[in-house]
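Right, one structure below, let's go through it.
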Amino acid sequence: MLVRADLKCYACGHVSGQIEGEENMPISQGKIYATSPLGLPKRRPDGRLTCVRCGGPLYLDDVTYIHPRPVRSFGVSGSVTQRPVAKAS
Ligand SMILES: [Zn+2]
């Protein structure tokens, strides 16, 4: 199941982006999306992400589990039968 979370700053509360990945894989392998007009979160030399605005540490906020959508088919199955038309006499 996919998990998506906001990357929020401890220092200023700014949401620097979102991270998305499978729930059983390491968070460092997640895909990062920019939600801020300032760009993507910055990465420190030790690999940790920091706030795009102030450089503060980030934490995961508003964690959401994304359920895969079921595949639906709208095709007509079976045969189409026509009703007998009543004749006017
Ligand atoms: Zn910040």
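Reminder that position 44 of the sequence shown reads as 24 in this note's numbering, one-by-one numbering, no gaps.
Beta carbons are placed, not taken as given, at the ideal position from N, Cα and C, and that holds for glycine.
In the structure shown, the three-state DSSP call for serine -4 is strand.
Serine 8 counts as exposed, since fewer than 16 other beta carbons sit within 10 angstroms of its beta carbon.
When Arg33, Arg23, Glu2 and Met(-19) are compared, the shortest CA-CA separation from valine -5 is found for Arg33.
By alpha-carbon distance to leucine 38, the top candidate from Arg28, Ile46 and Pro50 is Arg28. Excluding sequence positions up to five before and after alanine -9, its CB lies within less than 7 Å of the CB of Cys31, Cys34 and Gly36, all in the same chain and listed in chain order.
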